[in-house]
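The block underneath contains the structure these notes are about, expressed in C-alpha coordinates.
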Amino acid sequence: MFLFFDVLPFRKQLEYNQTITCSRCGHFGRYEVYLVGNRFRLFFIPVITFGKKYLVRTTCCDTWYFLDPQVGKAIERKEPVSIRDSDLQMYQTGEPLESRCPNCGASYPQGAHFCPNCGTKVDEMER
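For the sequence shown, full-length UniProt numbering gives the first residue as 1, with consecutive numbering after it.
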(Lines of atoms letter the chains of each structure in order from A and count residues from 1; the text may use other names and numbers.)
(Lines give C-alpha, C1' and ligand atoms only; values in the text may rest on other atoms or scores of the structure.)
Protein backbone atom coordinates (compact mmCIF):
# COMPACT_ATOMS: atom_id res chain seq x y z
CA MET A 1 0.00 0.00 0.00
CA PHE A 2 1.29 3.43 -0.91
CA LEU A 3 0.71 6.57 1.09
CA PHE A 4 0.79 9.80 -0.93
CA PHE A 5 1.23 13.02 1.05
CA ASP A 6 2.91 16.37 0.59
CA VAL A 7 3.14 19.88 1.97
CA LEU A 8 2.78 22.69 -0.55
CA PRO A 9 2.67 26.48 -0.23
CA PHE A 10 -0.38 28.27 -1.59
CA ARG A 11 -1.45 31.82 -2.39
CA LYS A 12 -5.06 32.88 -2.92
CA GLN A 13 -6.25 36.37 -3.84
CA LEU A 14 -9.24 37.39 -1.73
CA GLU A 15 -12.13 39.43 -3.09
CA TYR A 16 -11.33 42.88 -1.74
CA ASN A 17 -10.96 46.26 -3.39
CA GLN A 18 -10.03 49.51 -1.64
CA THR A 19 -8.69 52.52 -3.51
CA ILE A 20 -5.91 54.43 -1.77
CA THR A 21 -3.42 57.23 -2.07
CA CYS A 22 -0.23 55.35 -1.30
CA SER A 23 1.65 56.63 1.74
CA ARG A 24 4.93 55.37 0.27
CA CYS A 25 4.91 56.69 -3.31
CA GLY A 26 2.03 59.21 -3.27
CA HIS A 27 0.21 57.69 -6.26
CA PHE A 28 -3.35 56.45 -6.54
CA GLY A 29 -3.73 52.69 -6.39
CA ARG A 30 -5.61 49.97 -4.59
CA TYR A 31 -5.01 47.27 -2.04
CA GLU A 32 -5.04 43.64 -3.14
CA VAL A 33 -5.33 41.12 -0.28
CA TYR A 34 -3.80 37.64 -0.44
CA LEU A 35 -4.00 34.62 1.84
CA VAL A 36 -0.73 32.65 1.91
CA GLY A 37 0.29 29.58 3.85
CA ASN A 38 1.01 25.87 3.61
CA ARG A 39 -1.27 22.88 3.10
CA PHE A 40 -0.73 19.28 4.11
CA ARG A 41 -2.34 17.02 1.51
CA LEU A 42 -3.10 13.34 1.85
CA PHE A 43 -3.87 11.53 -1.42
CA PHE A 44 -3.96 14.99 -3.07
CA ILE A 45 -6.79 16.15 -0.78
CA PRO A 46 -6.03 19.17 1.45
CA VAL A 47 -6.26 18.02 5.07
CA ILE A 48 -4.63 20.74 7.19
CA THR A 49 -3.79 24.36 6.45
CA PHE A 50 -1.10 25.94 8.61
CA GLY A 51 1.10 29.02 8.66
CA LYS A 52 -1.69 31.24 7.30
CA LYS A 53 -0.78 34.91 6.79
CA TYR A 54 -2.61 37.74 5.14
CA LEU A 55 -0.61 39.96 2.79
CA VAL A 56 -1.59 43.23 1.13
CA ARG A 57 -0.07 44.48 -2.13
CA THR A 58 -0.34 48.03 -3.43
CA THR A 59 -0.93 48.21 -7.18
CA CYS A 60 0.83 51.55 -7.58
CA CYS A 61 4.34 50.64 -6.38
CA ASP A 62 4.12 46.89 -5.70
CA THR A 63 4.83 47.24 -1.97
CA TRP A 64 3.82 44.29 0.23
CA TYR A 65 2.52 44.50 3.80
CA PHE A 66 1.53 41.99 6.48
CA LEU A 67 -2.13 42.49 7.39
CA ASP A 68 -3.57 42.19 10.89
CA PRO A 69 -5.03 38.63 11.10
CA GLN A 70 -8.37 39.83 12.50
CA VAL A 71 -8.89 42.17 9.55
CA GLY A 72 -7.77 39.42 7.16
CA LYS A 73 -10.28 36.95 8.59
CA ALA A 74 -13.04 39.54 8.24
CA ILE A 75 -12.11 40.05 4.58
CA GLU A 76 -12.07 36.28 4.08
CA ARG A 77 -15.62 36.13 5.50
CA LYS A 78 -16.53 38.94 3.05
CA GLU A 79 -17.45 41.40 5.78
CA PRO A 80 -17.27 45.12 4.93
CA VAL A 81 -13.87 46.21 6.25
CA SER A 82 -11.63 49.20 5.61
CA ILE A 83 -7.87 48.68 5.92
CA ARG A 84 -6.11 51.35 7.99
CA ASP A 85 -2.38 52.11 8.08
CA SER A 86 -2.30 50.75 11.65
CA ASP A 87 -3.43 47.34 10.32
CA LEU A 88 -0.39 47.07 8.05
CA GLN A 89 3.23 46.15 8.76
CA MET A 90 5.86 46.62 6.01
CA TYR A 91 7.05 43.36 4.43
CA GLN A 92 8.75 44.28 1.15
CA THR A 93 9.15 47.63 -0.59
CA GLY A 94 8.48 47.99 -4.27
CA GLU A 95 9.41 50.55 -6.87
CA PRO A 96 6.99 53.26 -7.98
CA LEU A 97 6.02 53.09 -11.64
CA GLU A 98 6.35 56.86 -11.98
CA SER A 99 8.50 59.46 -10.24
CA ARG A 100 7.69 63.01 -9.13
CA CYS A 101 9.16 66.23 -10.53
CA PRO A 102 11.17 68.12 -7.88
CA ASN A 103 10.01 71.45 -9.35
CA CYS A 104 6.22 71.10 -9.79
CA GLY A 105 5.44 67.72 -8.19
CA ALA A 106 3.86 66.24 -11.32
CA SER A 107 4.41 62.56 -12.01
CA TYR A 108 6.47 61.42 -14.97
CA PRO A 109 7.20 57.91 -16.28
CA GLN A 110 10.49 56.15 -15.62
CA GLY A 111 13.08 56.85 -18.29
CA ALA A 112 11.87 60.42 -18.93
CA HIS A 113 14.56 63.11 -19.02
CA PHE A 114 12.21 66.10 -18.77
CA CYS A 115 9.03 66.74 -16.78
CA PRO A 116 5.99 66.63 -19.13
CA ASN A 117 4.25 69.33 -17.05
CA CYS A 118 6.84 72.09 -16.58
CA GLY A 119 9.76 70.99 -18.81
CA THR A 120 12.33 70.89 -16.01
CA LYS A 121 15.24 68.53 -16.64
CA VAL A 122 14.99 65.55 -14.31
CA ASP A 123 18.26 64.69 -12.58
CA GLU A 124 19.15 60.99 -12.51
CA MET A 125 20.09 61.27 -8.82
CA GLU A 126 16.54 62.30 -7.83
CA ARG A 127 15.01 59.08 -9.11
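Think of the CB as a built atom: it goes at the ideal place given N, C-alpha and C, for glycine as much as any other residue. Predicted, not measured: the structure shown is a model, and the values here were computed from it.
The stretch 48-119 contains, as complete alpha helix (DSSP H) runs of 4+ residues, the segments 69-76 (chain order). Contact between Q13 and Y34 holds: CB atoms are separated by about 5 Å, below the 8 Å threshold.
When rounded, the separation of the alpha-carbon atoms in P46 and V56 is 24 Å.
By alpha-carbon distance to C22, the top candidate from D62, K53 and R41 is D62. Looking from the CA of L88, the closest CA among P80, N103, G72 and S99 belongs to G72.
Spanning the alpha carbons of A106 and N117 requires a straight line of approximately 7 Å. Scanning E15, F40 and K52 for the CA closest to the CA of F5 turns up F40. Contact check for F66 against Y91 passes: the beta carbons are separated by less than 8 Å.
Counting C-beta atoms within 10 angstroms of its own C-beta, I48 has fewer than 16 neighbours from the protein chains shown and is therefore classed as exposed. Annotation for Q18: R30, Y31, S82 and I83 place their beta carbon closer than 7 Å to its own, counting only its chain and skipping 5 residues before and after. Distance from the CA atom of G26 to the CA atom of M1, rounded to whole angstroms, is 59 Å. Here T58 is buried: its Cβ has 16 or more other Cβ atoms, across all protein chains shown, within 10 Å.
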